[in-house]
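*Asks:*
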Amino acid sequence: MRSLGALGAAVVIGLLTACSDAPKTPSAQPTTFPSPAVRPTQPVVVTHTPAATATPPAYDGQWRALTPAIALLLLRGHSNNFDERLIVARVDWQRATMRVLYDPQVPRTLRDWQRATGAALMINGGFFDEANRATGLLITDGRVFGRSYRGFGGMFALRDGRPLVQWLRTQPYRFDPAIQHAVQSFPMLVVDGQRVAGIGDNGQRHRRSFVALDRDGYVLLGVTQMMQWTLTDLADFLAASPELRVARALNLDGGGSSGLWLDETLGGLSMNSFDPVPAVIAIFDR
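Those letters in the sequence shown? Residues -18 to -1, 1 to 268, per mature numbering (1 follows the signal peptide of the UniProt record, and there is no 0), in order.
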């Protein structure tokens, strides 16, 4: 979903013009990868990629280990009288390498990002403009792009390899050389296990993507498969879910950008993005 869409482009664009604490490096070049063979966008949204002994996917709320670092959960969710199906991956960051990848010159669907990089798992990043440039701050391998949001939104970052989800309203971004990877998005959904008040969603329902930390410090990457939930619905569900035990959660770009893709050799359920995206959060097994 391009840039800010239904979340109030005019308001956010005004906020983006504020002075930033982040250094801007317009001469830096994004990480590039060999382009995969050109293939048309597939109409299929969800793909089951079974391992040899796998059974059809069951939305039973049970975590299943795919690798020592990655577990997968298929979950039926109910929030404010609307039902959804979720795919959620839990990542043990101490057993994996996590990176934010960015290539505005060659945006890709989630499936093609995974095939180009060989990542075990990836999810789409934050919002971007018509030129495929991130609308907030983005850091990849220590290179800084864009400007930090001011007074709204949140940031998923890796500080010395350790993940954090930072609420920019209460903790504005300050340059930190220990942060080598980061992506900003909005709105924050959950803080300290509680749904953030005053989420503006205009009642609009789309596919959703999120990044979160649970109460044990694991990273959660998740998508909704249908177009049933508003942002408030998603936040309410994440704050209350006993399976997820969310401490902090940040919304990522939704709609056609939403996607979560697993290496097909792992088995499991993946959801490709309808649209190509310039940035992803990628997980590599060690």
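Heads up, the beta-carbon is just placed ideally off N, CA and C, and yes, glycines get one too.
Check whether the Cβ atoms of A113 and I52 lie closer than 8 Å to each other.
*Replies:* No, the Cβ-Cβ distance between A113 and I52 is not below 8 Å.
*Asks:* Give a yes or no on contact between the region 210 to 230 and the region 189 to 196, applying the rule of three or more CB pairs nearer than 8 Å.
*Replies:* In short, these stretches touch, since the Cβ pair count reaches three.
*Asks:* Would DSSP call L213 helix, strand or coil?
*Replies:* Helix at L213.
*Asks:* What number of angstroms, rounded off, separates the C-alpha of R21 from the C-alpha of P86?
*Replies:* Caution applies to R21, whose pLDDT of 34 falls short of 50 and renders its modelled position unreliable; the value that the coordinates give is listed next. Approximately 19 Å between the Cα atoms of the pair.
*Asks:* Compare the beta carbon distance of G241 and L150 with 8 Å and say whether it is the shorter of the two.
*Replies:* The answer is no: Cβ separation not under 8 Å.
*Asks:* Taking the alpha helix (DSSP H) that D94 belongs to, which residues open and close that run?
*Replies:* Element bounds for D94: 92 to 99.
*Asks:* Would you call the region 196 to 211 and the region 150 to 160 in contact, with 3 or more CB pairs under 8 Å?
*Replies:* The region 196 to 211 is not in contact with the region 150 to 160.
*Asks:* Beta-carbon within less than 7 Å of D218's beta-carbon, same chain only, minus the 5 sequence neighbours each way: which residues are those?
*Replies:* These residues qualify, in order along the chain: S61, N62, R177.
*Asks:* By how many angstroms is the C-alpha of L232 removed from the C-alpha of V173?
*Replies:* Computed Cα separation, rounded: 9 Å.
*Asks:* From residue 272 to P260, what does the alpha carbon distance come to, in whole angstroms?
*Replies:* Only positions -18 to 268 of the chain appear in the structure, and residue 272 is not among them; the question remains open.
*Asks:* Going by C-alpha to C-alpha distance, which of G175, L171, S130, R197 sits closest to A164?
*Replies:* Ranking G175, L171, S130, R197 by Cα distance to A164 puts S130 first.
*Asks:* What would DSSP say about S252, mapped onto helix, strand or coil?
*Replies:* Looking at S252 - three-state DSSP - the assignment turns out to be strand.
*Asks:* How would you call A264, buried or exposed, if buried means at least 16 neighbouring beta carbons within 10 angstroms?
*Replies:* The residue in question, A264, is buried, as its Cβ has 16 or more Cβ neighbours within 10 Å.
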